[in-house]
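Everything below concerns the one structure shown next.
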Amino acid sequence: MENRFFDNWSTQLRKGMLELCILNAIRGTSLYGYDIVRKLRSIEGLVISEGTIYPILSRLKREGFVQTTITESTEGPPRKYYELTAKGEKILNEMNDYWQDIKTGTDALKRKEKS
Amino acid sequence: MINLSDSAKKCLDKYLQQVRTYLRGCRTVDADEVERNVIEHIESEFESATAAISFEELDAVLQRLGSPRQWIPEEELPWWRKVIFRLRTGPEDWRLAYISFGLLIAGFVILPSFIVLIPASFIVARAALSETEDPGQLKAQRWLIYPSLIIVYLVSLCFFLGLPLLGLIPLAYDLEHTIRASYKIGDDTPYWLAVCSVFAGSLGLWWLIHGIVFLARLNIPKVLFRPFADWFSRKWAFVLLLIGLVLMIPSLGVGIWYVL
Chain A
1 MENRFFDNWS TQLRKGMLEL CILNAIRGTS LYGYDIVRKL RSIEGLVISE
51 GTIYPILSRL KREGFVQTTI TESTEGPPRK YYELTAKGEK ILNEMNDYWQ
101 DIKTGTDALK RKEKS
Chain B
116 MINLSDSAKK CLDKYLQQVR TYLRGCRTVD ADEVERNVIE HIESEFESAT
166 AAISFEELDA VLQRLGSPRQ WIPEEELPWW RKVIFRLRTG PEDWRLAYIS
216 FGLLIAGFVI LPSFIVLIPA SFIVARAALS ETEDPGQLKA QRWLIYPSLI
266 IVYLVSLCFF LGLPLLGLIP LAYDLEHTIR ASYKIGDDTP YWLAVCSVFA
316 GSLGLWWLIH GIVFLARLNI PKVLFRPFAD WFSRKWAFVL LLIGLVLMIP
366 SLGVGIWYVL
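Top to bottom, those sequences are chains A and B.
Each residue of the first sequence is one higher than the last, beginning at 1 in the working numbering.
Each residue of the second sequence is one higher than the last, beginning at 116 in the working numbering.
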């Protein structure tokens, strides 16, 4: 019962966090899909199934938050690189501020609990 | 392009087919783009491979990619995929609710089959009801489950309340002649009164018996007409018993009057 509750809660949390992390991963740079997955892999507990990232990238592209460029690769076939658009930059700033507020609030609650 | 063993190739084809199936109809995602990304992902994983990729090696990568079914939030799926998704993967009570409603609709659309499909829909609806401890928690499922329950309960209730009439009405003509012959009733006597009193008497006796049975076993109507008979109490069993008596007494009076 507790496990199921935790699983549901963490799934809900990951849904929103993945979008934030993907946008942050490509901020100021351009990465191809697999590189984004590798970057996010390093965050413990964030990516349960790596394939989830690709539909999110597709959705972010449709929303106009990211754009793609095809670049020739020395290691194989041409690769599709993702980068933030101006619109994506703006929404990411808002998302980061929002997340920071929540994090500050929850940290304050935790500190209060300990004291 | 990576070199895959035969079994790995079959496995990849099956996986990509799943990707296409689960992303089909999802308006927020470009299914072709996602499929290309997945292929790129697999190619990148095996970039440095020199020999043909085995099934086990590929399977490990696909396990990490996860089932395409989990990739799209349910709210982003088109309505028809949500229905299929819930039927295939949803909690048992939701699946049963959808199946029950589907059978009911099919019963109305394919008219001759309603004799089979509506009872089937009713059985599935009862099964869905059994999945829920408290029918009050059914929420939206009620709209899928209740229609077939209401139809079958109404038919059953009419049948149950009027069973003696159903049996006696076809016999009314014979009954009238039997009464007339037995008691040598003249032509000026209202025969319909005798027939009606037999009907009312048998109906009264039927309801009286049920009133007594329900008084002894209150849960029978509650279980039979779940969840609509939770209000049924001793008071209502007693009311049924009284109505039975009220119907029986005048019919007995009429009978005695004829005999005398």
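Glycine included, each C-beta is placed from N, C-alpha and C at the ideal position.
On a predicted model such as this, the values are computed, not experimentally measured, just so you know.
### Query
Who are the Cβ neighbours of F340 (chain B) in its own chain at under 6 Å, not counting the five residues just before and after it?
Position 225 of the second sequence, counted from the first residue, corresponds to residue 340 (chain B). Taking F340 (chain B) as the centre and dropping the five residues before and after it, the same chain places the C-beta of Y268 closer than 6 Å to its C-beta, in chain order.
### Query
Which residue comes first and which comes last in the alpha helix (DSSP H) that contains R105 (chain B)?
This structure cannot settle anything about residue 105 (chain B), because the visible part of chain B is limited to 116 through 375.
### Query
Can you pull the DSSP bridge partners for R79 (chain A)?
Against the first sequence, residue 79 (chain A) aligns to sequence position 79. DSSP lists A:T71 as the bridge partner or partners of R79 (chain A).
### Task
Flag T85 (chain A) as yes if its beta-carbon sits less than 7 Å from any beta-carbon of chain B, otherwise no.
Locating residue 85 (chain A) in the first sequence gives position 85, counting from the first residue. Contact with chain B is absent for T85 (chain A), since none of that chain's Cβ atoms lies less than 7 Å from the residue's Cβ.
### Candidates B:F170, B:I168, B:I187: closest to S49 (chain A) by CA position
Position 49 of the first sequence, counted from the first residue, corresponds to residue 49 (chain A). Nearest of B:F170, B:I168, B:I187 to S49 (chain A), Cα basis: B:I187.
### Query
Hey, which unbroken runs of the alpha helix (DSSP H) at 4 residues or more fall wholly within the segment 319-344 of chain B?
Complete alpha helix (DSSP H) runs here, min 4: 334-339.
### Query
Does the beta carbon of D128 (chain B) sit closer than 7 Å to a beta carbon anywhere in chain A?
Within the second sequence, numbered from 1, the residue matching residue 128 (chain B) stands at position 13. The C-beta of D128 (chain B) comes no closer than 7 Å to any C-beta of chain A.
### Query
Using a Cβ cut-off of 7 Å, which residues of the segment 141-153 of chain B contact any Cβ in chain A, in chain order?
Within the segment 141-153 of chain B, the residues whose Cβ lies closer than 7 Å to some Cβ of chain A are T143, V144, D145, E148, V149, N152, V153, listed in chain order.
#### Entry: chain A contact residues for I168 (chain B), given Cβ-Cβ distances below 8 Å
On the second sequence, residue 168 (chain B) is found 53 positions in, with the first residue counted as 1. Correct list: empty, because the minimum Cβ distance to chain A is about 15 Å.
### Task
Find the residues of chain B that neighbour S49 (chain A), judging by a C-beta separation of less than 8 Å, and give them in chain order.
Counting from 1 along the first sequence, the entry for residue 49 (chain A) is found at position 49. By Cβ distance, chain B contributes R179, L180, G181, S182, Q185, W186.
### Task
Check the Cβ of H156 (chain B) against every Cβ in chain A and list those closer than 7 Å, keeping chain order.
Here residue 156 (chain B) is taken as the residue at index 41 of the second sequence, counted from 1. Neighbours of H156 (chain B) on chain A, chain order: G33, Y34, V37.
#### Entry: Separation of I238 (chain B) from I225 (chain B), as counted between CA atoms
As a working mapping, residue 225 (chain B) is identified with position 110 in the second sequence. As a working mapping, residue 238 (chain B) is identified with position 123 in the second sequence. Their backbone Cα atoms lie some 19 Å apart in a straight line.
### Task
Look at the alpha carbon of Y82 (chain A) and the alpha carbon of R142 (chain B), and state the distance between them as a whole number of angstroms.
The residue given as residue 82 (chain A) occupies position 82 in the first sequence. The residue given as residue 142 (chain B) occupies position 27 in the second sequence. Using only the alpha carbons, I get a separation of about 20 Å.
### Task
Taking only beta-carbon positions, decide if P78 (chain A) is within less than 7 Å of chain B.
On the first sequence, position 78 is the one that residue 78 (chain A) refers to. For P78 (chain A), the answer is no, since every Cβ of chain B falls outside 7 Å of its Cβ.
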